[in-house]
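**Student:** For the sequence shown, our numbering begins at 26 and goes up steadily by one.
Structure below; questions to follow.
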Amino acid sequence: MCSKVTCPNCNKPTWFGCGDHIEEALAGVPVAERCQCERAE
Numbered sequence: 026m027c028s029k030v031t032c033p034n035c036n037k038p039t040w041f042g043c044g045d046h047i048e049e050a051l052a053g054v055p056v057a058e059r060c061q062c063e064r065a066e
């Protein structure tokens, strides 16, 4: 299950977890307001 977290680089909402529940984790956060940083491997 994915959870909403705050990106340490840009301080915008992003997600942590398996990747199958991103939209549920970020429900209510417009795409334009989400973290756009490159994900670490």
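Don't be surprised by glycine CBs; every beta carbon is placed ideally from N, CA and C.
Determine which residues share a DSSP beta bridge with Lys29 and list them.
**Tutor:** For this step, residue 29 is matched to residue 4 along the sequence shown. Lys29 is bridged to Trp40.
**Student:** Tell me the residue span of the alpha helix (DSSP H) that contains Glu49.
**Tutor:** Here residue 49 refers to the residue found at position 24 of the sequence shown. 47-50 is the span of the alpha helix (DSSP H), which, as asked, contains Glu49.
**Student:** Closest to Cys60 by C-alpha separation, out of Ser28, Asn34, Glu49, would be which residue?
**Tutor:** The count along the sequence shown starts at 1 and reaches residue 60 at position 35. Of the listed residues, the one whose Cα sits closest to Cys60 is Asn34.
**Student:** Give a yes or no on whether the C-beta atoms belonging to Gly44 and Cys27 are separated by under 8 Å.
**Tutor:** Here residue 44 refers to the residue found at position 19 when the sequence shown is read from its first residue. Here residue 27 refers to the residue found at position 2 when the sequence shown is read from its first residue. Their beta carbons are under 8 Å apart, which means Gly44 touches Cys27 by this criterion.
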